[in-house]
Amino acid sequence: MSLFGTTSGFGTSGTSMFGSTSTDNHNPMKDIEVTSSPDDSIGCLSFSPPTLPGNFLIAGSWANDVRCWEVQDSGQTIPKAQQMHTGPVLDVCWSDDGSKVFTASCDKTAKMWDLNSNQAIQIAQHDAPVKTIHWIKAPNYSCVMTGSWDKTLKFWDTRSSNPMMVLQLPERCYCADVIYPMAVVATAERGLIVYQLENQPSEFRRIESPLKHQHRCVAIFKDKQNKPTGFALGSIEGRVAIHYINPPNPAKDNFTFKCHRSNGTNTSAPQDIYALIVRV
Amino acid sequence: MTICQFFLQGRCRFGDRCWNEHPGAGGAGGGRQQQPSGSNRRGWNTTSQRYSSVIQPSSFSKSTPWGGSRDQEKPSFSSFDSGASTSRNRGFGVSQNPFASPSPDGQKDEKKLLEGIIKDMEIWESSGQWMFSVYSPMKKKPNISGFTDISPEELRLEYHNFLTSNNLQSYLNSLQQLINQWRNRINELKSLNTSANIALLSDVKDGINQPAPAFGFGSTNAVTFGSPGFPVNNSSSANAQNFSFKPSSAPSGSPPVFGNTPAFGAASSASSAITTSVPAFGFGKPAITSAASFSFKSPAATGFGSPGFSGFPTSMAAGSFGAPGAPAFGSGTSVAGFGSLGSHSHTAFSKSSSNTFGNSSISTSLPVSNGSTTTDNKLFTPKDQLTAEELEQFQSKKFTLGKIPLKPPPTELLNI
C-alpha cells in the first residue's frame, strides 16, 4: 500500500479516499465495485459458505440495512435483496448451509434472514448494541452466538426467544470468532477469553492480552489437522499477536508483529485482514 | 555499553550472558519472539547478567535456565520499531555498569518500563492512531489508569444518536473534552519523573489517581456528558452515566463517571472518585517494595481475569507472594460454567494450583460488583465490615462457588 504516505492529496489520513483533483485515485487497485452499494459505511461483510452453489455477498452498513449480492465469476455483482434494521448493522454471518443470514445491529437485536423466503425475524435481544454474531454448528446442537456491548455473550436457539445460555464477559465485546469447537472473544480493556464449545459452550481460559492497546479484531486459525489451534488478535496500533492455545513452546511460538503502518503508525487493523488470514 | 570485541569476531565465550553489547545478537534472538522489532536485547542481556553471581560467567552453554526464564518473564518492547540504535542508547542510558553491585532487578526493569512507556506515548500521539484505547506498558500487565476504551463503532454510534437528536454540538464538545483528557494523560505519562513512575508501576496508583478524577471527566464535565446522555441512555441525569456503560456501580454522587471506565487498569482504589468495583488492581500492594511488586504484578494483574477477586491479591500480599494464598482460593472445585479462570494467567502465582483457579464463579463476573466494595485500599477488611455470609465463607475450608467474597479477608482469619 504505497499509496498512503505519499504526498498525494489524501496521503496521511489513510482511510479517506475522496479523490484528489488531478487523477482519480478512487480505486487504485482496480477492485471491482459492487453495484448499488449501501449509502453509508459498510460495517461488515461476508461471503456465502461453499455449501451454497454460487457466491453471494452480504454486507451490513451504517445505513441500517443489510444487502445481498450475487457475485458471478466474472466479477459482476447483481443486487439481490435487502433487509432493514432500526440501527446500524455491525456484524453478519451465514448459517452453515447458506440458507440463512444472521445480522447483528446497534438496535440491540439480531435477526435471522431466510434468503429463500426473504423474511427476517428477530432471534436475539440484548441490552446494548450487538457487536458480533456467529453461527455455531456442533454435533449435538446448533445455535447463534451473539456478543454485545452489554458485556454478555448469549447463545440462541433461533426458535426460542430466550437464550440457551448467557455468559458474562468482563467487558464489552469487541470482536469474536468461532471455529468449532473453539471460540475466542476479545473485549474492551484488553480482555481476551477462549471458550470451548463441545457439549455446551463454556469458558476455557482467560488470556492476558499480548497486546498493549485496544483489541480490534480476532480470527482463529487451524493447524494441519484442520483443528483450531490458536488465534490472531489485532489491536488499534496496527499490531497483530499470534497466540497458540497450547503451544509446545509458548515463549517461542507466540509472537506479535506490526503491519499496516505507513510512515507514522497507522490505525486499526480492520477485520478484513483476518478474513484473509484465516480463510485463505 | 561497550561493544563486545569478541562477539564482533564471532567468538564471544559468554554469549547471552556477556555484559558487553552484542549488536545484532539481541535482535536475532528477539526476532524469535517478535519478528521485526529487535530491541529485546536490552531486557535480556541485562537481566541475564544479573542472574550470574560471578563477575564473568564461566559456563559456555547457551541453553541456560536464564534463557528459559528470560523468555517467560522479560518484557517485550515490541513497540520499539523506530531506530533501534536510538532506543538502545536510551535503554542503556541507565547506568549499566555490570561490575557495580547490581541494584535489584526490579528497579532496572522499571526504568526500562518507563522508557518504554514514554516511547509508546510518543508514538501514540504522533501516529494518529486511535486514541480512545486503554494502554498497558507491557503485555500481560494491567492497564495504566487514565485511559478509556472506546471502540470506533461505539463512538460512531454516539455520533449517529446525536445526529438524530440534533445535538451535534454537544457531541463535538464531549469529544473534544475526551480528546483533551487523553492528551493531558499522555503528556503526564511522558513527563513523569521516576518516583511517580515507580508508584505507577507498582500498581498502587494512588499518586496517579489524583489527577485521574479531574481527568475522569469530572463533575463539571459530567453535566455536559450527562445531558446529551451519551451512550446507552438518553437521560440527562446529573449522575452522568458512564461514557459507555450502564453505570451499574454508579458511585453515588461521585462525579467522575468516567472513572468507572478505566475500571480495569485504573486501580481506582484510593481515589475517591473512582469507586469502581475493581479495587483489585490498585490493590493490596502498598507495603510492597517495587521490586517485589514487579514480580507480583503479573499474576495479580490478570486484567479482567480477576477483578472480582478483590480479596485475592491482598490475601496474597499478606503472606509471601505466590503459594500460600493460592490454596485459599484455589479450592479446586472445577466449574461447569465458567471454566478455569486463567489458570494460565495465575501460574506465576499459585505454583501449587493445578488448574482451577476456577472459582470464577463470580457469576456476575466481575467488576461490576456492587456498591458494597467501596474503594478499599486496605489489605484486609475488619471483621465487622463483612457480612455474615462473607465471614462464613472465609471461615470455611473452601469457597463455595457463587459466594466468594469480594472483599479481602479479615486479618484475624489469616494464618501467616
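Protein chains in written order, with the numbering used here: chain D, 1 to 280; chain Y, 1001 to 1416.
Ideal Cβ placement from N, Cα and C applies to all residues, glycine included.
Test item: CB-CB of residue i and residue j under 8 Å
i: P1142(Y); j: G1116(Y); result: no
i: S105(D); j: V89(D); result: yes
i: A148(D); j: H134(D); result: First, the amino acid is wrong: residue 148(D) is Ser here, not Ala. No. Outside cutoff.
i: R206(D); j: I193(D); result: yes
i: G234(D); j: C217(D); result: yes
i: Y180(D); j: A138(D); result: yes
i: R67(D); j: P38(D); result: yes
i: Q83(D); j: A120(D); result: yes
i: W62(D); j: S41(D); result: yes
i: V184(D); j: I242(D); result: no
i: I1179(Y); j: M1121(Y); result: no
i: T256(D); j: P210(D); result: yes
i: H213(D); j: Y174(D); result: no
i: I1144(Y); j: Y1135(Y); result: yes
i: M182(D); j: P228(D); result: yes
i: P247(D); j: N254(D); result: yes
i: F1394(Y); j: P1410(Y); result: yes
i: P53(D); j: W69(D); result: no
i: I136(D); j: L197(D); result: yes
i: S48(D); j: N55(D); result: yes
i: D316(D); j: T158(D); result: With chain D running from 1 to 280 in the structure shown, residue 316(D) is simply not present.
i: E203(D); j: L167(D); result: yes
i: S1151(Y); j: F1162(Y); result: no
i: Q1129(Y); j: G238(D); result: yes
Reduced DSSP category for residue i - H, G, I as helix; E, B as strand; rest coil
i: M1121(Y); result: helix
i: I1144(Y); result: coil
i: T146(D); result: strand
i: G1015(Y); result: helix
i: T1164(Y); result: helix
i: I1404(Y); result: coil
i: P28(D); result: coil
i: P163(D); result: strand
i: W62(D); result: coil
i: M91(D); result: Residue identity differs from the one stated: residue 91(D) is Asp in this sequence, not Met. Three-state DSSP puts D91(D) in a strand.
i: E1021(Y); result: strand
i: G1253(Y); result: For G1253(Y), the predicted structure reports a pLDDT of 38, less than 50, and the residue's modelled location is therefore unreliable. A value from the coordinates is still provided. In this structure, G1253(Y) counts as coil in the three-state DSSP scheme.
i: L52(D); result: coil
i: G947(Y); result: No statement about residue 947(Y) is possible, as the shown extent of chain Y runs from 1001 to 1416 and does not include it.
i: L1008(Y); result: helix
i: Y195(D); result: strand
i: Q283(D); result: Outside the modelled stretch of chain D, which goes from 1 to 280, sits residue 283(D), for which no answer is possible.
i: F204(D); result: strand
i: I1413(Y); result: Per the sequence presented here, residue 1413(Y) reads as Leu, with Ile not at that position. DSSP places L1413(Y) in helix when its eight states are reduced to three.
Rounded Cβ spacing between residue i and residue j (contact assumed at less than 8 Å)
i: E1390(Y); j: P1405(Y); result: 4 Å
i: E189(D); j: D1149(Y); result: 5 Å
i: A124(D); j: T103(D); result: Wrong, their Cβ atoms sit about 10 Å apart, outside the cutoff.
i: T86(D); j: N64(D); result: 6 Å
i: G1146(Y); j: R1185(Y); result: 4 Å
Neighbouring residues, chain Y, relative to residue i (Cβ below 7 Å)
i: I42(D); result: Ordered by position in chain Y, no residue passes the 7 Å Cβ test against I42(D), which lies about 12 Å from the chain.
i: C106(D); result: L1157
i: I236(D); result: Q1129, W1130, S1133
i: P129(D); result: L1157
i: Y174(D); result: S1151
Residues that residue i contacts on chain Y, provided the C-beta gap is smaller than 8 Å
i: E33(D); result: Correct list: empty, because the minimum Cβ distance to chain Y is about 23 Å.
i: K154(D); result: Ordered by position in chain Y, no residue passes the 8 Å Cβ test against K154(D), which lies about 14 Å from the chain.
Residue i: contacting residues in chain D (beta-carbon distance under 7 Å)
i: D1149(Y); result: A188, E189, Q214
i: N1143(Y); result: E189, R190
Residue i: contacting residues in chain D (beta-carbon distance under 8 Å)
i: D1120(Y); result: K212
Chain-ordered chain Y contacts of residue i [CB-CB under 9 Å]
i: P38(D); result: Result: empty, since nearest Cβ-Cβ is about 15 Å, beyond 9 Å.
i: P88(D); result: E1153, R1156, L1157, H1160
i: Y244(D); result: Neighbours of Y244(D) on chain Y: none; closest Cβ ~12 Å, over 9 Å.
i: W69(D); result: Going along chain Y, no residue has its Cβ under 9 Å from W69(D), so there is no contact; the nearest lies around 23 Å.
Contacts that residue i makes with chain D (C-beta to C-beta distance below 9 Å)
i: S1165(Y); result: Residues of chain D passing the Cβ test: none, with the nearest at roughly 14 Å.
i: S1136(Y); result: R190, S209, L211, K212, H213
Going along the chain, which unbroken runs of the beta strand (DSSP E) with 3 or more residues stay wholly within the stretch 110-135 of chain D? 119-125
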